[in-house]
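Participant: Got a structure here, written out as structure tokens. Questions coming.
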Amino acid sequence: SQQGEEDPQALSIQEGENATMNCSYKTSINNLQWYRQNSGRGLVHLILIRSNEREKHSGRLRVTLDTSKKSSSLLITASRAADTASYFCATCGGYNAGNMLTFGGGTRLMVKP
Amino acid sequence: GAVVSQHPSRVICKSGTSVKIECRSLDFQATTMFWYRQFPKQSLMLMATSNEGSKATYEQGVEKDKFLINHASLTLSTLTVTSAHPEDSSFYICSARSGRLVSYNEQFFGPGTRLTVL
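One line per chain: the protein sequences are A and B, in this order. Heads up, the first sequence is in our numbering, so the first residue is 149 and it goes up one at a time. Heads up, the second sequence is in our numbering, so the first residue is 261 and it goes up one at a time.
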């Protein structure tokens, strides 16, 4: 079963706007990761945030993690049409959990030029 | 970054045939490989975890005899869908992890294999 729930399921914005996607999970985690998937393609790893971190940046990406609320958010600033894809969060329980990833339902982002 | 390939990228077969999908880590040794299944517009569901040289661990609800997994070397894992039926049509994605890479927790994903069973 899926660990995470993502919100919204679909998001449509204009180029240049910011896109925010949220992810909630249920059990304790070692880290949380965000992935991107273009239609019919494999996953691309975007960013990993550890359970003792609260915020992380990578280029136009900003990820936050609130372990007390068991939630994370992914912010894409100044979006581009090329950012159109599905975005998934995945929680990792760490070594004792076999380092398995459990994926959320995903957010389908469409950026209109 | 580490590269994982899958072959074939797309396969169409008749109902009742068996299909083998290969997952290779190209530039690192994968101590663990994972197989996922993804239905259209849905998330990835973990099917099984395989460690090199040992039997795969299947997730609840995944038939071991239906989805045969072999991880015979540190760079290759195969998933065989036996006696495929139309309901097995899906996007199959593998990922690989190496305990030796700096990004210990990171899984590197293959590009996926689209299976269509007629």
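No residue lacks a Cβ here, since even glycine has one placed at the ideal position from N, Cα and C.
Of all Cβ atoms in chain A, is any one closer than 7 Å to the Cβ of B/L304?
Facilitator: It does: the Cβ of B/L304 has a partner Cβ on chain A nearer than 7 Å.
Participant: Within the same chain, show all residues whose beta-carbon is closer than 8 Å to that of B/T342, passing over the 5 residues directly before and after it, in chain order.
Facilitator: Within the same chain, B/T342 has close Cβ partners S278, D325, K326, F327, L328.
Participant: If the cut is a Cβ gap below 7 Å, which residues of chain A does B/G313 touch?
Facilitator: Per Cβ cutoff of 7 Å: no residues; B/G313 is ~16 Å from chain A at best.
Participant: Taking DSSP as the reference, what is the three-state secondary structure of A/D155?
Facilitator: A/D155 falls in the strand class under three-state DSSP.
Participant: For A/H193, collect the residues of the same chain with a Cβ closer than 7 Å to its Cβ; drop the 5 residues on either side in sequence, then sort them by chain order.
Facilitator: Cβ within range, chain order: Q181, Y183.
Participant: Are B/I272 and B/L339 closer than 7 Å when you measure CB to CB?
Facilitator: For B/I272 and B/L339, no; Cβs fall outside 7 Å.
Participant: For B/G313, which residues from the same chain have a beta carbon less than 8 Å from its beta carbon, with the 5 sequence-adjacent residues on both sides left out?
Facilitator: Cβ neighbours of B/G313 beyond the five flanking positions: H331, A332.
Participant: Can you name the residues that DSSP bridges to B/Q298?
Facilitator: Per DSSP, B/L304, B/F351.
Participant: Nearest-angstrom Cα distance between B/V362 and B/T291?
Facilitator: The pLDDT assigned to B/V362 is 48, lower than 50, so where the model puts this residue is not dependable; a value taken from the coordinates is nonetheless given after this. Cα to Cα, the separation comes out at about 14 Å.
Participant: Would you mind sorting A/A158 into buried or exposed? The rule is 16 or more other CB atoms within 10 Å of its CB.
Facilitator: A/A158 should be labelled exposed.
Participant: Compile a chain-ordered list of the residues in the segment 182-207 of chain A whose CB is closer than 9 Å to at least one CB of chain D.
Facilitator: Checking the listed chains, one finds no chain D in this structure; the protein chains it contains are A and B.
Participant: Hey, how far is the Cα of A/L249 from the Cα of B/K274?
Facilitator: Going from the Cα of A/L249 to the Cα of B/K274 covers about 32 Å.
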